[in-house]
Amino acid sequence: MNKNQSAKILSALQTGRSITALEALHEFGCLRLAARIKDLRRSGHPIRSKMVHTNEGKRIAVYELDTPTDDKGQRLWAL
Numbered sequence: 015m016n017k018n019q020s021a022k023i024l025s026a027l028q029t030g031r032s033i034t035a036l037e038a039l040h041e042f043g044c045l046r047l048a049a050r051i052k053d054l055r056r057s058g059h060p061i062r063s064k065m066v067h068t069n070e071g072k073r074i075a076v077y078e079l080d081t082p083t084d085d086k087g088q089r090l091w092a093l
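Right, here's the structure in full:
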């Protein structure tokens, strides 16, 4: 596990943003975002992924921290 990359990725997710593999490569020099996400999940961080279509017709994974919400969509706890 690359702890430095994982820490940077977790920090970015904790700000409420999502991240893609291309963003991780450009911002953190991370070539294997899926592996870092797996490491973070194994450490107990609730990270959700969703597949989205790009304008070029490709499917990519977007990762974000899964924060619990109430029935009105409000976060139950702050980061």
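Taking the working numbering, I'd label the letters of the sequence shown as residues 15 to 93. We put the beta carbon where it would ideally sit given N, CA and C, even for glycine.
Determine the contact status of residue i and residue j, defining contact as a CB-CB distance below 9 Å.
i	j	result
residue 79	residue 28	yes
residue 63	residue 51	yes
residue 77	residue 47	yes
residue 54	residue 23	yes
Starting from residue i, trace the beta strand (DSSP E) in both directions and tell me its first and last residue.
i	result
residue 163	With the chain covering 15 to 93 only, the question about residue 163 has no answer from this structure.
Looking only at its own chain, which residues have a Cβ that is under 8 Å from the Cβ of residue i, when we skip the five neighbours before and after it?
i	result
residue 73	65, 66, 67
residue 39	45, 47
Name the DSSP beta bridge partners of residue i, please?
i	result
residue 78	62
Excluding the 5 residues flanking residue i on each side, which residues of the same chain have their C-beta closer than 7 Å to its C-beta?
i	result
residue 16	50
Once you ignore the five residues that flank residue i on each side, which residues in its own chain have a CB closer than 6 Å to its CB?
i	result
residue 60	80
residue 93	With a pLDDT of 47 at residue 93, under the threshold of 50, the modelled position of this residue cannot be trusted; read the value that follows with caution. Counting only Cβ-Cβ distances below 6 Å, and skipping sequence neighbours, we find 28.
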